[in-house]
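Engineer: Handing you a structure now.
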């Protein structure tokens with residue numbers, strides 16, 4: 008079953024949802040997502056264009072997830 012890790016990032020007044028990874032991309036399971044999400048997001052933030060943003064929250068979602076700002 009597909010698992011999607013979603014991060015909500017904020018930069019001042021602007022917040023947006025971003026898909027960090029899916030089980031298709033990284034092989035994560037729902038339990039691994041719940042346990043290791045913060046480590047994965049920290050690594051993703053450090054290596055990507057959102058390093059100046061702060062993590063507001065995250066969630067592990069079963070199935071494909073389309074961020075609200077992209078729907």
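Residue numbers (our numbering): 8 to 78.
For every residue, glycine included, the Cβ atom is placed at its ideal position computed from N, Cα and C.
1. Less than 7 Å between the beta carbons of residue 24 and residue 10, yes or no?
2. Between the Cα of residue 54 and the Cα atoms of 27, 73, 21 and 35, which residue gives the shortest distance?
3. Look at the alpha carbon of residue 60 and the alpha carbon of residue 17, and state the distance between them as a whole number of angstroms.
4. Using a Cβ-Cβ cutoff of less than 7 Å, which residues in the same chain neighbour residue 40 once the five nearest sequence positions on both sides are dropped?
Structural biologist: According to the data block:
1. In the chain shown, the residue the question calls residue 24 occupies position 17. In the chain shown, the residue the question calls residue 10 occupies position 3. No. Outside cutoff.
2. What you label residue 54 is simply residue 47 of the chain shown in a count that begins at 1. The candidate whose alpha carbon is nearest that of residue 54 is 27.
3. To locate residue 60, count along the chain shown from 1; it is residue 53. To locate residue 17, count along the chain shown from 1; it is residue 10. Each residue's alpha carbon lies about 6 Å from the other.
4. Numbered from its first residue, the chain shown carries residue 40 at position 33. For residue 40, where only same-chain residues beyond five positions count, the Cβ hits under 7 Å are 10, 12 and 67.
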